[in-house]
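Single-structure report; data block below.
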């Protein structure tokens with residue numbers, strides 16, 4: 046048997062308001078810490094992906110740059126002979142000085158005759174991301 050509504054004690058509007066306010070309180074400190082941790086994990090995962098994409102973009106840009114410089118060297122060689130130094134190509138106005146620097150701010154390496162690949166008349170390389178010549182991350186005109 047359920048008691049009738051008239052038999053139940055009445056709650057004051059102040060009590061109802063306090064209960065409602067208690068239910069509407071903000072987030073607890075633990076909830077805030079969990080949200081911050083989730084944001085941190087997501088941002089670190091995104092930043093790692095972005096950094097990897099930026100590195101790949103630099104490698105791709107360097108390959109395109111080597112093709113451009115190689116084309117300028119070939120144009121120079123068609124009129125004269127292969128240059129002994131890339132500055133000769135700049136002086137002939139086929140290249141600009143800034144095109145001789147890779148995205149890692151290192152000078153391009155030019156060897157004529159070729160030392161890395163005997164099928165080519167010259168070697169044109171970038172030291173790559175580690176800025177050290179002669180290892181696996183070098184980017185060349187092979």
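Residue numbers (our numbering): 46 to 187. Every residue gets a Cβ at the ideal spot worked out from N, C-alpha and C, and that includes glycine.
State the beta-bridge partners of residue i as determined by DSSP.
i: residue 155; result: 169
i: residue 146; result: 152
Considering just the uninterrupted stretch of the alpha helix (DSSP H) at residue i, what are its terminal residues?
i: residue 79; result: 74-124
i: residue 138; result: Run containing residue 138: none; DSSP gives neither H nor E here.
Please determine, among the options, the residue with the shortest C-alpha to C-alpha distance to residue i.
i: residue 156; options: 115, 74 and 176; result: 115
i: residue 105; options: 148, 140 and 84; result: 148
i: residue 153; options: 101, 96 and 176; result: 176
i: residue 140; options: 184, 112, 100 and 162; result: 112
i: residue 158; options: 151, 168 and 150; result: 168
i: residue 108; options: 171, 62 and 77; result: 171
i: residue 161; options: 143, 186 and 97; result: 186
Just the Cα atoms here: how many angstroms apart are residue i and residue j?
i: residue 173; j: residue 92; result: 21 Å
i: residue 166; j: residue 80; result: 60 Å
i: residue 131; j: residue 145; result: 8 Å
i: residue 94; j: residue 125; result: 46 Å
i: residue 101; j: residue 73; result: 43 Å
i: residue 163; j: residue 137; result: 26 Å
i: residue 76; j: residue 64; result: 21 Å
i: residue 180; j: residue 84; result: 38 Å
i: residue 151; j: residue 78; result: 44 Å
i: residue 184; j: residue 133; result: 22 Å
Self-check item: Inter-stretch contact (C-beta, 8 Å, three-pair minimum) for the stretch 82-89 and the stretch 107-126
Solution: Contact between the stretch 82-89 and the stretch 107-126 is absent, because fewer than three Cβ pairs lie under 8 Å.
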